[in-house]
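Input: a single structure, listed below in C-alpha cells.
Residue numbers (mature numbering (1 follows the signal peptide of the UniProt record, and there is no 0)): -26 to -1, 1 to 208.
And the structure:
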C-alpha cells in the first residue's frame, strides 16, 4: 500500500467517525409505547424495529405490559392497569438524554397513557403524544354512561360515552405536540357503524395539532403506520 492509498483510507475513516455519531449516537427522546386492551408489548414490534433501524437503541424504548390478556371486559383505567404504564413513563423520563419523552398509545393504551401523563403532571416533559385508534370520546358499543354499561371496560373508569374517566382526561395537557391516527373502518371504535360522537371521530384528541386517517382498521393502524409514527416524533 502506497502513502497516497494509506492517506485515503485514513481520511475515509476519519470522515466516517465524524458523520456516524450524528446518526447513530445523536441524543433522542426516550419513547414509551403503550399497547391496547389484552395486547402485548410485541404488538409494537413493527414500530420498535423501525425505530431501531433509524438510530434509536433498545434502551431508548419502553414497552410496558399491562392488563389481563384473557378478559378484555375486565380491564379498565383504574387499579392494576395503571402502575406498569406509570412506571414506564417515569423510567423513560429518568433515562432520556434530552429530558423529554415521546408517548405513543394504541386503542385503550392511548387513553391509559393520557391518564398517567395527567396524573404525573408530566405534560411539560412530553414532546409528542400520538394516540392511535383511541376512544377518547368513548365507544358507542359501551353505551352512554351510566346507561347500558355492561362491563368494567365500559364502566365509570372505562370507555362508555361521557364516563367519569373520559371526562377527567378530556382537554387536559398531554404534550407539546399532540396527534391522532384514526380509521373510518375501525372494528372497535366504529363497531356500531358510526365512528363519531357528537359529529367528531372518537379517536380524535381535544386540542390536537393534527389528525391522520388511514383505511387500515383498528389493528392495522398500529402495525402499519410505523413510518408515520416515527415521523411524528421527530
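We put the CB at the ideal spot given by N, CA and C, even for glycine.
* Where does residue 23 land, buried or exposed, given buried means 16+ other C-beta within 10 angstroms? -> Against the chain shown, residue 23 aligns to sequence position 49. When all chains shown are included, residue 23 counts as exposed.
* **Cβ-based neighbour list, residue 28, same chain, cut-off 8 Å, excluding 5 preceding and 5 following** => As a first step, residue 28 is located in the chain shown; it is residue number 54 there, counting from the start. These residues qualify, in order along the chain: 204.
* Asked: Among residues of its own chain, excluding the 5 on either side of residue -5, which ones have a beta-carbon nearer than 8 Å to its beta-carbon?
  -> Taking the first residue of the chain shown as 1, we reach residue -5 at position 22. With a pLDDT of 43 at residue -5, under the threshold of 50, the modelled position of this residue cannot be trusted; read the value that follows with caution. Nothing listed; no residue qualifies.
* To do: Could you check the C-alpha separation between residue 5 and residue 114 for me, to the nearest Å?
  => Residue mapping note: residue 5 aligns to position 31 of the chain shown, counting from 1. Residue mapping note: residue 114 aligns to position 140 of the chain shown, counting from 1. Rounded to whole angstroms, residue 5 to residue 114 spans 31 Å at the Cα level.
* Asked: Is the region 118 to 132 touching the region 91 to 103 in the sense that three or more CB pairs, one from each, lie closer than 8 Å?
  -> no
* Asked: Using the rule of at least 16 other Cβ atoms within 10 Å of the residue's Cβ for burial, across every protein chain shown, is residue 174 buried or exposed?
  -> Translated into positions along the chain shown, residue 174 becomes position 200. Residue 174 comes out exposed.
* Going by DSSP, which residues form a beta bridge with residue 105? -> The count along the chain shown starts at 1 and reaches residue 105 at position 131. 79 and 154.
* Ends of the alpha helix (DSSP H) at residue 117? -> Stepping through the chain shown from its first residue, residue 117 is reached at position 143. From DSSP, residue 117 is part of no alpha helix (DSSP H) but of the beta strand (DSSP E) over 113 to 118.
* With which residues is residue 187 paired in a DSSP beta bridge? -> Residue numbering aside, residue 187 sits at position 213 when the chain shown is read from its first letter. DSSP lists 156 as partners of residue 187.
* Spatial distance of residue 89 from residue 40 (CA atoms) -> Stepping through the chain shown from its first residue, residue 89 is reached at position 115. Stepping through the chain shown from its first residue, residue 40 is reached at position 66. Spanning the two alpha carbons is a distance of roughly 14 Å.
* **Residue range of the unbroken alpha helix (DSSP H) whose run includes residue 180** => What you label residue 180 is simply residue 206 of the chain shown in a count that begins at 1. It is not in any alpha helix (DSSP H) - residue 180 carries neither H nor E in the DSSP assignment.
* Asked: Shortest alpha-carbon distance to residue 178 belongs to which of 120, 16, 207 and 79?
  -> Reading the chain shown from its first residue, position 204 is the one you call residue 178. It is 79.
* For residue -3, which residues of its own chain have a beta-carbon under 8 Å away from its beta-carbon, when the five flanking residues on both sides are left out? -> As a position in the chain shown, residue -3 is number 24, starting the count at 1. Annotation note: pLDDT 48 at residue -3 (below 50); position unreliable, coordinate value reported separately. Cβ within range, chain order: 29.
* Mind checking residue 7: buried by the 16 CB within 10 Å criterion, or exposed? -> Taking the chain shown and counting its residues from 1, the one referred to as residue 7 is at position 33. Buried: at least 16 other Cβ atoms inside 10 Å.
* To do: Kindly identify the DSSP beta-bridge partner or partners of residue 170.
  => Locating residue 170 in the chain shown gives position 196, where the first residue counts as 1. Partner(s): 175.
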